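Enquirer: I'd like to ask some things about the structure below.
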Amino acid sequence: MTSAGLSSILPFALRGRPVAEPGKRRTTRLPPWLVSWFQVGPLALILVVVFALPTALFLIVSFYDYDRMGIYPAFLLDNYRELFTTPATWRVYASSLKFAVIVWAITLFLGFNISYFLIFHVRSAVIRTVLFLLCAIPFWTSGIIRTIAWIPFLGRNGAFNQMLMGLGITSHPLTFLLFSDFAVIVTYVHLFTLLMIGPIANSLSKIDPALMEAAVDAGASRWRTMVDVVIPLSKTGITLGSILVFTQVMGDYFVVRQMSGGQSASIVSMLSTQIQAMQYPPASANAMVLVIFVAVLVAVMMKVVDVRKELVK
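Quick note on the working numbering: the sequence shown kicks off at 64 and runs consecutively.
Below you can see the structure in the form of structure tokens.
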């Protein structure tokens, strides 16, 4: 066969086969769908093992029967019926929701103003970082230690009462400062304000200052600029911070138990009491109701602001 014939046949013989360049190894590419599964697989496995399986177990046990001797497989609605028909349950849920709403409002006010100051009034990035670290320093210690630290400060003979009496503001110690709802709220605000500062500061940092200057040049007051420009553009951070604060307050029981002196209760403290009494089916039912309750609250917040849509912008 002539050289001209070989040159006409070779392209057809090699068609469909990748020709490796000299000095390069041929690599095999995985299908895109398989790559995607490899990427989400580890996280999906962790979520299934850590969250889905325990939740499914709680759901199953919540329908079981029980007595002093143990728990028995069954399908009963008695645990949920008793949970919803007990007045104490409604009082505990109302108490937890009251704490969550009050703490959310205070942390939102503090978090927004602190974030606004750090982003728009502190010009130096170094000073801004230092100030933010000062806000984060309390998180370097245990939450239990930070909670207990308020007891000697707010106590009847604590530092705050001694300061008030030393300044002549009051002649006797204030008893409402400790072991009360006030102490619970103060501790919650101290623990969770940073959870509101972080997301809001991140959203405010993405706002172009030129937009605010344009609003002022158009005749808008500082208040209208804040309402019409700054707050709408920071709604993603406000929503994320609100979700973090709500879920932390609703899922806590140590602060309520320590700072209220047993005068207030939370959903998780009631659940803990049921577990200590080995009432696992009612505790499971209580846990499922709490999960659904918090999930509905988060869903409402996510409905108001489409966080996923805002984050991809």
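Yeah, the Cβ is synthetic: ideal placement off N, Cα and C, and Gly gets one too. Computed from a predicted structure; not experimentally measured.
Give me whichever residues DSSP pairs with Tyr135 in a beta bridge.
Expert: Per DSSP, Asp128.
Enquirer: In this structure, how does DSSP classify Phe317 when only helix, strand and coil are distinguished?
Expert: Three-state result, Phe317: helix.
Enquirer: Tell me the residue span of the alpha helix (DSSP H) that contains Phe161.
Expert: The amino acid at residue 161 is misidentified as Phe; the sequence shows Lys. Pro150 to Phe183 is the span of the alpha helix (DSSP H), which, as asked, contains Lys161.
Enquirer: Leaving aside the five residues before and after Val124 along the sequence, list all residues of the same chain whose C-beta is less than 8 Å from its C-beta, in chain order.
Expert: So the qualifying residues of the chain are Ile134, Tyr343, Pro344 and Ser347.
Enquirer: Take Leu274 and list the residues in its own chain whose beta-carbon comes closer than 7 Å to its own, dropping the five residues that flank it on each side.
Expert: Closer than 7 Å at Cβ, skipping near neighbours: Val292.
Enquirer: What are the complete alpha helix (DSSP H) segments, minimum 4 residues, inside the region 263 to 301?
Expert: The region 263 to 301 contains these whole alpha helix (DSSP H) runs: 272 to 280 and 285 to 288.
Enquirer: Cβ atoms of Asn349 and Leu334: under 7 Å apart, would you say?
Expert: Yes.
Enquirer: For Val35, count neighbouring Cβ atoms within 10 angstroms of its own Cβ and tell me buried if that reaches 16, exposed if not.
Expert: Here the chain covers residues 64 to 376 and nothing more, so residue 35 does not appear.
Enquirer: Need the endpoints of the alpha helix (DSSP H) that Gly229 sits in, please.
Expert: From DSSP, the alpha helix (DSSP H) with Gly229 extends over Ala222 to Gly229.
Enquirer: Give every residue of the same chain whose Cβ lies closer than 6 Å to the Cβ of Leu240, excluding the five residues on either side of it in the sequence, and list them in chain order.
Expert: Within the same chain, Leu240 has close Cβ partners Leu217.
Enquirer: What is the DSSP secondary structure of Arg219, reduced to helix, strand or coil?
Expert: Coil at Arg219, not helix or strand.
Enquirer: Could you tell me the distance, in whole angstroms, from the CA atom of Lys269 to the CA atom of Gly300?
Expert: Rounded to whole angstroms, Lys269 to Gly300 spans 11 Å at the Cα level.
Enquirer: Applying the 10 Å Cβ sphere with the 16-neighbour rule, what's the burial state of Leu120?
Expert: Leu120 should be labelled exposed.
Enquirer: Check whether the region 157 to 169 and the region 245 to 257 touch, using three or more Cβ-Cβ pairs below 8 Å as the test.
Expert: Short answer: they touch.
Enquirer: 7 Å is my cut-off, CB to CB: does Phe242 come that close to chain D?
Expert: You won't find chain D in this structure, because it holds only one protein chain.
Enquirer: If you measure between the beta carbons of Ser178 and Ile263, is that distance less than 7 Å?
Expert: Yes. Within cutoff.
Enquirer: By Cβ distance, which residues of its chain are closer than 6 Å to Ser329, with the 5 residues on each side in sequence left out?
Expert: Only Ser159, Tyr316 and Val319 meet the Cβ criterion.
Enquirer: Give a yes or no on whether the C-beta atoms belonging to Phe138 and Phe126 are separated by under 7 Å.
Expert: Yes, they are a contact pair.
Enquirer: Less than 7 Å separating the beta-carbons of Thr302 and Met364?
Expert: The answer is yes: Cβ separation under 7 Å.
Enquirer: For the putative contact between Leu258 and Gly304, defined by C-beta atoms under 8 Å, what is the C-beta separation to the nearest angstrom?
Expert: Yes, they are in contact, since the Cβ atoms of Leu258 and Gly304 sit about 6 Å apart, within 8 Å.
Enquirer: Among Gln326, Ile355, Val354 and Gln339, which one has its Cα closest to the Cα of Arg154?
Expert: Nearest of Gln326, Ile355, Val354 and Gln339 to Arg154, Cα basis: Gln326.
Enquirer: Go through its chain and collect everything with a Cβ distance to His184's Cβ below 6 Å, but skip five positions before and after it.
Expert: Correct list: empty, nothing qualifies.
Enquirer: Mind reading off the beta-carbon distance from Thr170 to Val308? Whole number of angstroms is fine, and I expect it under 8 Å.
Expert: Contact holds; Cβ gap of about 5 Å.
Enquirer: What are the boundary residues of the alpha helix (DSSP H) that Ala348 is part of?
Expert: Where Ala348 is concerned, the enclosing alpha helix (DSSP H) stretches over Tyr343 to Val367.
Enquirer: Exposed or buried, what is Thr210 when buried is set at 16 or more other beta-carbons lying within 10 Å of its beta-carbon?
Expert: Classification for Thr210: buried.
Enquirer: Report the CB separation of Phe195 from Leu181 in whole angstroms; it is logged as a contact under 8 Å.
Expert: Confirmed, about 6 Å.
Enquirer: Please report the straight-line C-alpha distance between Arg191 and Ile260, rounded to a whole angstrom.
Expert: Answer to the nearest angstrom: the Cα atoms are 13 Å apart.
Enquirer: DSSP on Arg186, reduced to helix/strand/coil?
Expert: Correct three-state label for Arg186: coil.
Enquirer: Report all residues from its chain with a CB closer than 7 Å to the CB of Gly206; omit the five preceding and five following residues, and keep chain order.
Expert: Around Gly206: Leu254.
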